[in-house]
Structures are given as structure tokens and as C-alpha cells.
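Contents: one structure, followed by commentary.
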Amino acid sequence: MPKLKLPSPGALYVGIICALLYLPIALLIVFSFNDAASLTFPFKGFTLQWYQQLGQSSELLASLRNSLVIAFGSSVLATILGTMGAIAIVRFNLPGRGIFLAVSTMPLVIPYVILGVALLILLNQAGIPLSAPAAGFAHVIISIPYAILIISSRLVGFPDNLEEAAMDLGASYWEALLKVTIPIVSPALLASFLLCFTISFDEYSIASFLVGTDTTLPVYMFSQLRFPTRLPMIIAMAAIIMTVTMLAMLISEWLRRAGQHTSPTGGGIASRKAKA
Amino acid sequence: MKNSRRFLTLIGLPSIYLFLLFILPVGLMVIFSFREGTTGAARDSFTLDHYITFINSRPFQRLLWQSAGISFLVAVIANSLAYPLAYYLAFQAGSQKNTLMMLLIIPTWTSYLLRIFAWKLILGSTGLLNSVLLLLGVIETLSPILIYSRAAVMVTLIYVWIPFAMLPIFSSLERIDRYLLEAAADLGCTRLEAFLRITLPLSLPGVVAGFFFAFIPTLGEFVTPLLVGGAQGSMYGNLIQDQFMRALNWPMGSVMSLSMLLIVLVFMFLLTRLGPLSDLLGL
Amino acid sequence: MKTRKLWMSICSLLVLASMFLAACAPVATPTTAPAAPTEAPAAAAPTTAPAVSGSTQTGELVLLDWSGYELPEFWKQFATQYPNVKVNYSFLSESAEVYAKLQSGVNADLVHPCSNYWKIMVDEGLVQPIDPAMLSHWKDINPALAKQGEFNGKQYWIPWEWGFESILVRSDLIKTVPTSWNDLWNPEYKGHIALYDSGESGHVIAALALGLDPWATTPAQDEQIKQKLLELMPNVLTIWSSQTDLDQQLASGDVWVAANAWNASYIKLLGDGAKVEYIDPKEGRAGYLCGFAVPTKSKNYELAVAMIDAYLAPDAQAYLANEYGYGIVNNAASALVKPETMKLLALDDQNIISRTIFYKFISAAQRQAWTDVWSEVKTSK
């Protein structure tokens, strides 16, 4: 075990930002046990009733499930499309890439309400029923700019001839992409996936027009704001989501460390040494 | 040519996708913008009136520029705060890098709406911060001084965007060759010099991406101003929302959105064409 | 390689989450909720209820509704009548959304906007008339409210819930209790008023304060109203958009005077122990009304009407009043509503409907003009 020492300024800064990011969440968790429907100080007393209510609200749980499915599907698809687009615009100096970059980042700029209404009209004209997949495919559109910008900002600056080197060794172009380029950009792929997931998971305006009866969590919540008595239940659910995610992360971190400990030659350390 | 075939294969699918689900709806929006109204016969007649109204409307334009200014500030501050985070993650966090990244992203998985409500708990008149200030004797009575203002909107949005801005900066810092920095040190560069001359320029594409991740959504934002902005906090996004949902004036809402789109495009064009960013972004 | 591990942990996390959901969902299936028994004690139990109880009809009914109304307590009667019909909800957060969705061709069997959007949907042919004879509870519906859903001699809308929009004050924080809409301009409340985010509501408040009929203003009066609203802004702390939001602002003491709060807020805050008072201004209280209609494109007219009937049942209406603090339309439900709630909702007052200034239909031009004024007022500082 290393000796305890004062944190470096960098670590301190990360600590402060983390504390700021988690402060509101900690408050939400505390207030999920508050015996009052209003989210205001002072704390009135301890209760578990919101969690009981949550267990009985099948609509809310169904909407959480829809949101998870939509967010997962759309972020995977957006990351795949974004990778293809990013490689194309960074690696090839051919006409059309400027326009592609401009168009693919434009969804960032359109108010989602309007994109939602326009998509609603188009889908209805095309006879496509409103559903979770419809919202998922629409979420891909608003996620693509994030995917492309993140992935291309990592691709830029890598030597262009990486794929060529692999091809010299006998790989086809597509094999070279899969085996050389993709691993190099994998941290960006992860970042892109996480960001797209977040965006879709929390998106309200487009989803409210497109999901039909497959309600997502944000749609449910916005509609529910009309009834303040049901807010604590939603907070209770957020508290559960947070706790479960944090636990899962702690477990995976613990597993990673355990793995490193038992097999010091395992992937983690070896690759890091190679990089460093 | 092999090259162009590869290019087309790569760019084809995303292009078709964007065309169907983005270009077509935007086209529809352009058509909306020329319609006289949303309902009845007004839907079928075309006019330039909404553009003229927009150009003559002082509140719309003033708010558009104000909102652009606020978005710019929010994006700059969020990025400045995110940069050290990304830097630490990329260069100093070592094996904890990915765990830390997750740690910074996970808060965003709690609904944005709930996080704003939580901010109201912190900034409100009987909130956490006010109570601390009262205890310290900085203020004498509890009053909503910290909330219901443009500043509260900005603080909340900066908080929301920090993790978003961090990701692209991190991913561009990650790819910087460590040998480059070692070489710089060997050649007698101080750490600051190495940072300014190597790290910062090489991470600029990520910063630009991070800037847009914060700038653009802020411009169209309407929920945060509603919840913490108070009477003076309305932003351009609120007006678009009002035209669209309250006045049921889809043509006007479209005109206002298209104007916003135009501003951002001009801004992006300037940012990418002027200065060294064009090479970096590969344009 | 490290990223692969992280990917794996993310996937396992999602699997974990879905397992959690899978484990929870079946327990909470609402359709098995015990139905019928509570109807027995109701004095006005539907004697004319359709005799199709336990019908084997299958199918799907889609409601475009507010979340919170999907609870099985609201449609027990339907669940008993049509146990095999699947009821699905698509949730709203604005009345205008109903219009936007129907206009764009969305399929729904039942919609639930408020009365200021009723006429436009009738005029555009988006909803179809309903035969009230098919509703077993129709005879108990307050006729004055029912009348508001009638257009061109036909009943298009069946009112379901209503409430006041009036001044709600934190009586422990203010010195002078307002008695008129015009008192909102009292400098005592500087920086502590909350207004509802709607041009329509703003217009109504200012018109009432000026002693005008809000729905028949001349252009000159509109200008007067705009100036009046601009003068109100220094008093305004914030603009609210949802009851949840407003209740918190009042509970936390940020807001002292809510200019157009719903009585649901009043009842909720009283229940939380806050010191609040709901004002009956001398010009009268504004009132909103919402209700159901069947879209023209619906293929399930009969099921939809049966569903409306279920929502009108006394126990469902009483649940609405007791749980959410909303005014109800079925007189036969009064016996099931807690007496203090009846009093708080002013439902014990025979003349309450005629004393309330209900929102009226507005033309597209009015809607536009009022929204534009509102945009200017909101951005005036």
C-alpha cells in the first residue's frame, strides 16, 4: 500500500468538481426519504412510502424500461454511424466531406420541439406507427453530431498511413479499419456511447411527439409535473438508479483491481505499460 | 478509384440516414415557415409575412442576441472548467482513468429536470447556500437572492454541460503522443511551455467540439430558464416554445428556429475557417 | 483493452437494470386491481350501467392523456366491463400537444385537453360528436359544465375536471391580504409574485384587474392590458409552468403571492401544513375546465365512450377530488368526497359554477396577439 499523501492539485480539483456534480444527487437521495411531497427544506421526517408507491407504479417502471432500451439502441447505432462518418471525413480528402460535416452537426442546432413535430408529420405520412423504435431512430439523429465530433477529434492527428501499414501486412482495407483504426479510437467510441446514451435517456421534446404509447421516463415525468404529490416517487426512482449505477461501477472497479492483483501480466497492466 | 469507393461506402449509410430523418424534416420546416398559419385555410396559402414580422420584431431579435451571448459565456466557462478535468484524466489519473470518467458521467443519468429541482434546493431562499450564508452572517434574512436570475440559469447550465464538454477534450488529449512531451522536456521546454506549444494546440479540436456541445443546446434551451430563470430569465428557446405550443403558430416558430440555425452555422463557419482550427478539424 | 472491460461493466450494468425492472414490473400490473366492490356503497351507483359487464370483446384503446390519470382507480368500471381490452396511454404535458398530434394524424381513441382548445379541434373536424345517451352517468353531470362541451347543437366534449385559477398567498409572509386582482400591483409584493407562463392567463388577469371582459377586448384595451402587465413585472419574481414547480416556490417561501394558482395547489399546501390562503377576488375567480372527446379517426367509438363513462363514475370522480384536489363534474360523486375537500373546492356552493369566470374559446388571432404581448412582457427587463 502506498503511503497516504496530500492529493495533487489536479486530484483536488477533480474531487471538488465531483463533489459539485454529486451534491444535487445526494440531496435528491436524502429527500427521497422525506415525509413531505414538497421538495423543500426543512426535512420533515423519515418515510419509505415513496419507494412503496414506486413499486406499485407499473407505468413508471415501464417507462424506465423503454428509456433504457431506446437509449441503448440509439447510442449504439449513433456511435456506429458516427464512426463511419468520422473516418470518412478525417481520412479522405474528397469533395462532399465539408457538406457532410456541416449537415451531420446541424441537428445540434434545431430546437427539438420543431424537429419532433416535423418528424411526427413525416412518420404519419409514411404510415410508420409511433413507437419506441421511432423515437429511438430519431434520437440517433440528435446523437450523431456528438458521436462524429468526439470520434473525429480523436482520429485527427493519427498518422494517415496506419491502415496502409496494416494493408502492407496483408490485411484488406476493411480488416485494417476493424483491427487497427477501431482499437485506436476505442476510448472515443466509449465516450461517444456514454454521451449519446445520456442524451437519449434524458431527451423529452422529440420523444414526447414520437413514442406514442411507449412512454419514456422524461415524457412520463414532464406529464407528471401536473401532480406534485407524485414527484417524490420519481425522485425515489432516480435515487435507485443512482445507487444501482454507483454500485455496479464500484463492483466493476473492484473486479478490475482483483483481476490485476491475481494476474499481474493480465491485459490491463500490460497494455498500460506498453502505452506509457 | 479505390479511395472514393471506400469513402462512399463509409459515408453512404450515415448520409442516407441523415437525409431521411433530418434533411426531410428540416425541409418540411422550411415549408412551414412560408405558410400563412397552422390551421384551416391559412395552412394552404403561402406568404413571407412571418419573416417580415421576425425582422421587425425587436423583442425576438434582442433576445436572440442576448441568448447567443449567454450561450457563448456558458460554453466558455463550462469548457474552462472541464479542461483541467480532462487533462487530469488523460495524463495523471493512470489506471483510474475510466473509472473517473464514469464517475463524472453518471450524475448525468439522473434526469436533468430532477437535477434542476435539486439546484433549487441549493439556491432557493430557504436553500442550502442561503442557510450557510445566514449562519456566517453574510446575509441577514432568507430571501431568494441566488435564484430566479440569468446568473442562476448560467450556473445551472454550466453545471449540466461540464461532463459533456469534458468528453471530447479528454478524447483529443488522450491521443497526444507522450513521447512528444518527453522530447519537449528533453529539449529544455518547461512544463508550461510544453503545454502551451504542444498539448493545448493538439487538444483544440476537442475544445471546439466541447464548445459546441455547450453553446448550441444552450441557445435553444427553455426548461432551465423556466425553472430557475425567474421573471427576467426567459431565453430565445422560450419564445420559440411559446410560438409553437401556445400561439400554435408553427410558421413563426419555424422562422425563429431557422434564424437560429443560420446564426450558429455562420458562427461555426467562422470558427472553422478562420485561424488554425480548419486544419485541426480536417476541413 | 481496458476499455473492453469498461464496456463489459456498462453492459452488465444495463443487464442489471433490466433485471431489476423485469423483477418489479409483473408485481405491479394494474389490471388485476380489485374492481367493483367500492361501487356498492355509492348512493348513486349506476343503475343504468350498460349490461355488458364482463364482455369478451378484445382490442386496444389508446388514450392521449395526462399521466396520473392512468391509475386503475380511474377506470374500474371499464376494467370490469371489458377485461380483455388493452388500455394504453400516450402522455401529454400541454393541451396544445393534443391539437398538434391529432392535426399530424396521430391515432388515438380518446383525448383530454382543456376547454380553451376545444373549439379549434371541433372546427377542424378532429373530434366527433358523442351521443350522451350512451353515458350512464350523464344525468348526474353538472349541466352548466356539460353545456360548455356542446358545439353546433352536438355534444363533442364531456367535461371531467375543473378548477379555479385565483390568487394563492402565503398568509404568514404578507401583511395585506389581497381582495381584488388589482391588488397584485401592490408594491408590498415586489419581487415575490409568481405568474403562470401563458399569454392567455396574463391577459385574463390584467383584464380582470382593469374591469374588462377578457374575451371581448378591443385593440385599444389590448394595448392597455399590455401596459398593465408591463407594470406588473417589477412585482414578479418568477414564472411558473407546472404545479409541482409552483408548489415548491410557495412552500419554500420564495413566492408570497401566486397570481393564478389552481385550487389543487391550495389543497396540497394546506395538507403539507403551509400557511396559505386562497383568495376569492371581488371580480371573481377564473376557472379552467378539461374533458374528453373521441377523435374523428378513432375506430373504437363505443369502447371510447364506455371509457369516458368509467372516468365519470362516482368513485373515479371522488378519487380525483380526494387525491388530486381537482373539482369534479358528477354531482352524484359528492357523497364520496371528503367533506373538508368539498368545502375547499367550493363544491358545496350551489352557485359556484355561475360565479366562476371560465376560460372561453379564443380565435387564432387572439391567441397570437396575446402570446406576442406575453413574449414582450417576459423579455421587458
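Residue numbers (the working numbering), protein chains in the order written: chain A, 38 to 313; chain B, -16 to 266; chain C, 2 to 382. Note that the Cβ used here is the ideal one computed from N, Cα and C, for glycine as well.
Legend entry - Start-to-end residues for the alpha helix (DSSP H) that takes in residue 370/C: 365 to 379
Legend entry - Contact the segment 187 to 205 of chain A vs the segment 112 to 123 of chain B: 3+ CB pairs below 8 Å: no
Legend entry - Coil, strand or helix - residue 94/C by DSSP: Three-state result, residue 94/C: coil.
Inset, instruction - Mind checking the segment 210 to 240 of chain A against chain B and listing, in chain order, the residues whose C-beta falls within less than 7 Å of any C-beta there? - result: Taking 7 Å as the Cβ-Cβ cut-off, the segment 210 to 240 of chain A approaches chain B at 210, 224, 225, 228, 231, 232, 235, 238, 239, given in chain order.
Legend entry - Contacting residues, own chain, Cβ-Cβ under 6 Å from residue 144/A (five flanking each side not counted): 178, 179, 182
Inset, instruction - Would you list the one or two residues that DSSP bridges to residue 63/C? - result: 89/C
Inset, instruction - Please classify residue 159/B: does DSSP put it in a helix, a strand, or coil? - result: Here residue 159/B sits in coil by DSSP.
Legend entry - Contact with chain C by residue 114/B, beta-carbon distance below 8 Å: no
Legend entry - Proximal residues, the segment 83 to 107 of chain C versus chain A, C-beta separation under 8 Å: Per Cβ criterion, the list reads 89, 90, 91, 92, 93, 94, 98, 101, 102, 105, 106, 107.
Legend entry - Inter-residue Cα distance where the pair is residue 375/C and residue 200/C: 5 Å
Inset, instruction - Give, in chain order, every residue of the segment 21 to 40 of chain B whose Cβ lies closer than 8 Å to some Cβ of chain A. - result: none
Inset, instruction - For residue 46/B, return the contacting residues in chain C, with the cut-off set at a CB-CB distance below 7 Å. - result: 380
Legend entry - Opposing strand residues paired with residue 159/C [DSSP bridges]: Residue 159/C is bridged to 293/C.
Inset, instruction - Check each residue of the segment 86 to 106 of chain B: if its Cβ is closer than 8 Å to any Cβ of chain A, include it; give the result in chain order. - result: 86, 87, 88, 89, 90, 91, 92, 93, 94, 95, 96, 97, 98, 100, 101, 102, 103, 104, 105
Legend entry - Short CB-CB distance (under 8 Å) between residue 239/C and chain A: No - not a single Cβ of chain A is within 8 Å of the one on residue 239/C.
Inset, instruction - Take the Cβ of residue 143/B as the centre, count every other Cβ of all protein chains shown within 10 Å, and call the residue buried at 16 or more, exposed below. - result: Counting of Cβ neighbours within 10 angstroms places residue 143/B among the buried residues, the total reaching 16 or more.
Legend entry - Residues of the segment 230 to 254 of chain B whose Cβ lies closer than 7 Å to any Cβ of chain C, in chain order: 230, 231, 232
Inset, instruction - Can you check the segment 81 to 149 of chain A for any alpha helix (DSSP H) of at least 4 residues that lies completely inside it and give the ranges in chain order? - result: Within the segment 81 to 149 of chain A, the complete alpha helix (DSSP H) runs of at least 4 residues are 86 to 93, 95 to 128, 134 to 142.
Legend entry - Per-residue DSSP class, three states only, for residue 95/B: helix
Inset, instruction - Under 8 Å by Cβ, that's how I've got residue 104/B and residue 111/B pegged, so tell me the actual separation to the nearest angstrom. - result: 7 Å
Inset, instruction - Alpha carbon to alpha carbon, how far is residue 131/A from residue 161/B? Give it in angstroms, no decimals. - result: 31 Å
Legend entry - Near-chain A residues of the segment 48 to 73 of chain B (beta-carbon distance less than 9 Å), N- to C-terminal order: Result list: 64, 65, 67, 68, 70, 71, 72.
Legend entry - contact_flag[the segment 214 to 225 of chain B, the segment 169 to 184 of chain B] where n(CB pairs < 8 Å) is 3 or more: no
Legend entry - Helix, strand or coil at residue 165/A according to DSSP, with G and I counted as helix: coil
Inset, instruction - At 8 Å on the CB atoms, spell out the chain B contacts of residue 377/C, in chain order. - result: 42
Inset, instruction - Mind listing the chain A neighbours of residue 110/B? Cutoff is C-beta to C-beta under 7 Å, in chain order. - result: 78
Inset, instruction - From the DSSP output, read off the bridge partner residues of residue 111/C. - result: 64/C
Legend entry - Residue range of the beta strand (DSSP E) that includes residue 259/C: 258 to 263
Inset, instruction - May I have the straight-line CA-CA distance separating residue 304/C from residue 58/C, to the nearest angstrom? - result: 10 Å
Legend entry - Boundaries of the alpha helix (DSSP H) in which residue 345/B is found, first to last residue: The requested residue 345/B does not occur in the structure, where chain B is confined to residues -16 to 266.
Legend entry - Pairwise C-alpha distance: residue 163/C and residue 185/C: 24 Å
Legend entry - Three or more C-beta pairs below 8 Å linking the segment 150 to 159 of chain C and the segment 332 to 348 of chain C: no
Legend entry - Positions along the segment 259 to 288 of chain A whose CB lies within less than 9 Å of some CB in chain C: 259, 260, 261, 262, 263, 264, 265, 266, 267, 268, 277, 278, 281, 282, 284, 285, 286, 288
Legend entry - Own chain, CB closer than 8 Å to residue 13/B, minus 5 neighbours either side, in chain order: Within the same chain, residue 13/B has close Cβ partners 237, 241.
Inset, instruction - Measure the C-alpha to C-alpha separation of residue 161/A and residue 255/C and round it to an integer number of angstroms. - result: 45 Å
Inset, instruction - Measuring only between beta-carbons, confirm whether residue 246/C sits less than 8 Å from chain B. - result: With 8 Å as the cut-off, residue 246/C counts as an interface residue toward chain B.
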